[in-house]
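Under my numbering, the first residue of the sequence shown is numbered 25, with each subsequent residue one higher. Virtual Cβ for every residue (Gly too), placed ideally from N, Cα, C. Note that the structure is a prediction, hence the values are computed from the model and not measured.
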Amino acid sequence: MNAAAAVRITRQFGLGWVAWRAAYSLSLRSGAMRRALPARRDACSALAPALRIPSDKIPIHLAELWRRERRPFFIPQGLTNDQVSEEALTRADEILAGHLRYFSTLPTHETGNPPRWHATPLADEDWPADRHWTRIPDLSPERGDIKFVWEPARFSQTFTLARAFTASGDSRYADCFRQQAESWQLANPPEMGPHWRCAQEMSFRCLAWIFGLYHFDDAFEQAAAGRGRLLAQIAHHAGHIDKVHWYARRCVRNNHTISEAVALLSIGRLLPFLPGANGWARKGMRSLCRELIWQIYPDGSYIQHSNNYARLVAQLLTWTLSLLKAQGESPPAILLEKGNLLLDFLLAQQDERSGELPNYGSNDGALLFPLSSCTYSDYRPALGALAQALGRDNPYVSGPWDEEALWFGQTPLPGRSIPAADSSDIKAFPAGGYYVLKGAMSKMLLRCGTYRHRPQQADMLHCDLTYGGRGVLIDAGTWSYNADPHWTNYFSGTPAHNTVCVDGRDQMRRESRFMWSNWTRARCLHFRDNDDGSYFDGEHCAYQPMLHRRQILRRGDLYLIVDDMGEAVEELDIRLHWLIADHQISRGECGALIQLDPDNNSEMKLLLACDQGGAVDWCRGDDSTPRGWHSLHYGEKLPTWSCAWTVRGSSARFATLIGPSAELGDVEAIEIQALPRNLENCTIKEILGV
C-alpha cells in the first residue's frame with residue numbers, strides 16, 4: 025500500500041482503527057501472536073496446567089463433569105419424526121457417503137467421510153496442516169479460496185445429521201458426528217493449520233459441536249473419552265477466541281464480533297466446569313450487547329449492508345434468546361429491542377410468496393443453522409424462529425419453515441398471514457439508506473444513503489425488483505472473496521449494479537478486497553405515497569460535479585424510473601445499467617419483453633429512453649468484459665442478462681418503464697422529452713395515459 029492510500033484509509037477509518045490494525049499485523053509478523061497462542065500436541069495437554077491433572081486423565085474427568093454439571097440447553101426433548109422433513113434423510117445420507125453441499129448449493133462435492141480437512145475441491149494442492157496458523161495466508165493461488173477448506177470444518181453438517189437422527193432414530197447419523205469430530209481433532213492439533221486462522225470459523229464450529237454434544241448425548245455413553253476430548257477442544261477454542269476477540273472488536277467490527285461473542289457466552293454458560301467459563305460468559309454477553317447497540321441501526325438496518333449477514337445475526341440472536349430462556353433467565357432489553365428492529369427490517373423486504381429477500385450485499389454462503397428443508401434463499405425459517413424467540417406471532421402461514429423454530433425450543437404457534445401492519449405500500453429505513461416500494465404483486469428495494477460504516481459494494485441508487493415471487497431486476501451477488509480482482513471488482517463494483525455509472529468508474533475508490541475509500545454520500549429528498557401510488561426522489565454526488573438524481577413513480581405494479589445526470593464540465597461516458605434475472609427475453613431496440621412464467625403467461629415489459637439518443641446494448645455472460653453475471657450462492661456464478669444504455673455527453677436523462685404487460689397496455693415507447701423535470705406532483709396516468 026502506498027503513502028497516498030494510507031492517508032486515504034486513515035482519513036476514512038480514523039487513526040484509532042489504523043493503529044489497532046497495525047498492532048494486529050505486527051503481532052503476526054513479530055511472532056508475538058504465535059508465542060501467545062503456541063502450538064500444542066492436543067487440546068488435553070493444553071488444558072492440563074489449568075486443571076492440574078495429567079492430560080491422559082482429562083477426557084474421563086471432563087466427561088464426568090459434563091454428566092454432573094452441564095447447564096440446560098434449548099433442544100426440545102419431545103421433537104418427533106413427523107415434525108422433521110424426510111429431506112433431512114437424503115442430505116444426511118449424502119454426508120455418510122462422503123459428499124457435502126458447500127454453501128448450501130448443488131451439486132455436492134466429494135469430501136470423504138470423515139472429510140479431508142485440508143483439501144479444497146477446486147484446487148489440487150492441500151492447505152498445510154503442519155504450519156502455525158499465523159504463517160498461513162488467506163489468499164493462495166495454488167490452493168484456491170480458503171473458504172472452501174473452512175466450509176466442512178464449520179460442522180454445519182451436524183444440524184443435518186441431528187435432523188436425520190430425529191426423523192429415523194438411525195444411530196449411524198450420531199456415530200458420523202462423533203467420528204467426524206474425532207477426525208477433525210486428530211488432523212488439526214491446536215493452533216496448527218488453516219482452521220485456526222479465523223476466530224469466527226472457530227465460533228461456528230463450537231456452536232455446532234455444542235449442539236451435537238447435547239443432541240447426540242447417548243451416542244457418547246459408550247465413548248465417554250471421546251466426549252471429554254471434544255469438551256477439551258471446545259475449551260481450547262474458547263481460550264483462543266477470548267485472546268483474539270479484541271481484533272474483531274477493534275478492527276473487523278461486524279458479524280465476526282457478534283459470532284465470537286455468542287460462542288463465548290454459550291460455552292461459558294453451558295459448560296461452567298471449564299476453566300475460564302465464567303469470564304467467557306461475562307465477556308460474551310457484554311460484547312454482544314455492546315455490538316448490537318451500534319451494529320443494528322435505530323431503524324433495524326444492518327451495518328454490513330448485506331441481507332445474508334443480517335440473517336446470520338438473526339440466527340445468532342435466536343440461539344442466544346433460546347439459550348437464556350432454557351436457563352430460566354430474562355434476556356437483556358437490548359437483545360429484544362435490536363432483535364425486533366432487525367426482524368422488521370428484514371420482513372419489510374421479504375417476498376411473501378417465496379420467502380426470499382433481495383440477494384443484496386455480500387453473500388458468503390453462510391446459513392449457520394440449516395434446520396429446515398427450505399432452500400438457502402428462503403428466509404422464513406430464520407425469521408419465523410426469531411419472531412417466536414422474541415415472543416411475537418408467527419409471521420407466516422404454516423409450512424416446512426416452522427421446523428427451525430421447533431429446534432430452538434419454541435412452542436409451535438399457528439401460522440398466520442403477514443400482519444396487515446406490514447402491508448403498507450412504502451417502508452423507509454433512512455439510517456441505513458433503504459427504501460421499499462410495494463405493489464400488489466411486486467416489491468422494489470432501493471438504496472439511498474450516506475455510508476456511516478465500511479461499505480461492501482459501490483451501488484448507490486441501485487434497486488432490486490421482484491414480481492410474483494420472481495426476481496426481475498437483481499443484484500449481481502458476490503461469487504467469491506478470493507477470486508481474481510477482475511471478478512471481485514465486477515461483483516461489488518458500480519458497473520454491475522442497477523444504477524448509472526460514469527466513465528466506467530466505481531462510485532468509490534477501491535483500496536483492497538474489503539476496503540473502499542471516498543465513501544458515497546447520498547440523500548433521500550422525498551419518499552411518500554401519492555394519489556396514484558408511491559413517489560421516491562433521491563440523489564448522490566459520487567461523480568462530482570455531476571449529480572445523479574433518481575426519481576421513481578409507482579402505480580400498482582408499474583414503475584417509472586427517471587435518472588438525471590447533472591451538468592459536468594466535460595463530456596463523459598454516461599451509462600445506465602440493468603441486471604435482469606435470467607428469464608426468457610425478447611429484446612428490442614429500446615426495451616424487451618421478459619417472460620417470467622410461460623405457464624401462467626406472466627410477462628413484464630421493459631421500455632427505455634434517453635434524451636441523448638443511442639440504443640440499448642445487451643449482453644449475457646461475457647467473460648472478457650466481465651459483464652452479465654450473477655451469483656445466488658457463494659462460489660457459483662451464472663450468466664444473466666445485462667442491459668445498458670451508454671451515451672457521450674456532459675449530461676443525460678434516462679427513463680425506464682417496467683411492469684406487467686397487462687398494465688402497460690399499448691404503450692410501446694417513452695416520450696422522454698415530454699417528461700417533466702420534477703415528477704413529485706405527477707402520476708403515471710398523467711404521463712403515460714395508462
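What do you get for residue i, buried or exposed, if any count of 16 or more other CB atoms within 10 angstroms of its CB means buried?
i: GLN697; result: exposed
i: THR649; result: exposed
i: LEU395; result: buried
i: ASP715; result: It is not possible to answer for residue 715, since the shown part of the chain is limited to 25 through 714.
i: LEU39; result: exposed
i: ARG552; result: exposed
i: LEU549; result: exposed
i: TRP665; result: buried
i: ALA87; result: buried
i: TRP157; result: buried
i: SER441; result: Below a pLDDT of 50, predicted positions are generally treated as unreliable, and SER441, at 45, falls in that range; no measurement from the model is reported.
i: ARG672; result: exposed
i: VAL640; result: buried
i: ARG125; result: buried
i: TYR479; result: Checking the displayed sequence, the identity of residue 479 turns out to be Pro instead of Tyr. Burial call: buried.
i: GLN568; result: exposed
i: ILE694; result: buried
Would you mind stating whether residue i and residue j have Cβ atoms separated by less than 8 Å?
i: ASP154; j: MET216; result: yes
i: TYR384; j: ARG404; result: no
i: GLY292; j: ILE82; result: no
i: SER674; j: GLU594; result: yes
i: ALA679; j: LEU603; result: no
i: LEU345; j: LEU392; result: no
i: ILE99; j: CYS200; result: no
i: ARG574; j: CYS634; result: no
i: ARG611; j: TRP642; result: yes
i: THR184; j: LEU103; result: no
i: LEU341; j: LEU410; result: yes
i: PHE369; j: LEU470; result: no
i: PRO139; j: GLN203; result: no
i: GLU175; j: PHE228; result: no
i: CYS487; j: ASN513; result: no
i: ASP581; j: GLY463; result: yes
i: ASP66; j: PRO218; result: no
i: GLY473; j: ALA546; result: yes
i: ALA507; j: TRP653; result: no
i: ALA112; j: ALA205; result: no
i: GLN351; j: ARG95; result: yes
Report all residues from its chain with a CB closer than 6 Å to the CB of residue i; omit the five preceding and five following residues, and keep chain order.
i: ALA259; result: LEU71, LEU298
i: ALA147; result: ARG167, GLY168
i: ASP150; result: HIS142, ALA143
i: ILE585; result: ILE576, THR680
i: ALA406; result: ARG335, ALA338, GLN339
i: ALA272; result: HIS280, THR281, GLU284
i: LYS451; result: ALA372, VAL460
i: GLY324; result: LEU365, LEU366, ASP368, PHE369
Since residue i sits in a beta bridge, which residues does DSSP pair it with?
i: ASP402; result: GLU380
i: PRO684; result: MET628
i: SER541; result: ARG533
i: PRO663; result: TRP653
i: CYS548; result: GLY562
i: VAL173; result: Looking at the DSSP assignment, VAL173 forms no beta bridge with any residue, so it has no partner.
i: SER164; result: GLY168
i: GLU134; result: HIS123
i: PHE764; result: What the structure shows of the chain is the stretch from 25 to 714, and residue 764 is not part of that stretch, so it cannot be assessed.
i: HIS572; result: HIS564, MET589
i: ARG115; result: BP columns for ARG115 are empty, so no partner.
i: THR144; result: Per DSSP, none; premise fails for THR144.
With a CB to CB cut of under 8 Å and the five nearest residues on each side skipped, what residues in its chain are close to residue i?
i: LEU620; result: TYR491, GLY492, ARG494, VAL496, HIS607, SER626, GLU627, MET628
i: SER685; result: LEU617, GLU627, MET628, LYS629
i: LEU312; result: ILE282, ALA285, VAL286, LEU289, THR344, LEU359
i: GLY517; result: GLN481, ALA482, ASP530, ARG534
i: HIS85; result: LEU75, ILE77, GLY252
i: CYS275; result: TRP41, TRP44, ARG45, TYR48
Going by beta carbon distance, what residues of the same chain come within less than 7 Å of residue i, once the five residues before and after it are set aside?
i: GLN412; result: ASN418, ALA429, GLN434, LEU437
i: THR502; result: SER386, ASN387, ASP388, PHE515, SER655, TYR658
Please tell me whether residue i has its Cβ less than 8 Å away from any Cβ of chain B.
i: ASP606; result: No chain B is part of this structure, which consists of one protein chain only.
Q | Runs of beta strand (DSSP E) lying entirely within the region 450 to 522, each at least 3 residues, in chain order | A | 450 to 453, 458 to 462, 466 to 471, 487 to 491, 494 to 497
Q. Curious, which full-length alpha helix (DSSP H) runs of at least 4 residues does the region 268 to 337 contain?
A. 279 to 294, 301 to 319
(Q) Just to confirm the assignment: which complete beta strand (DSSP E) runs, minimum length 3, are found wholly within the region 574 to 642? (A) 582 to 589, 596 to 604, 608 to 612, 615 to 621, 626 to 634
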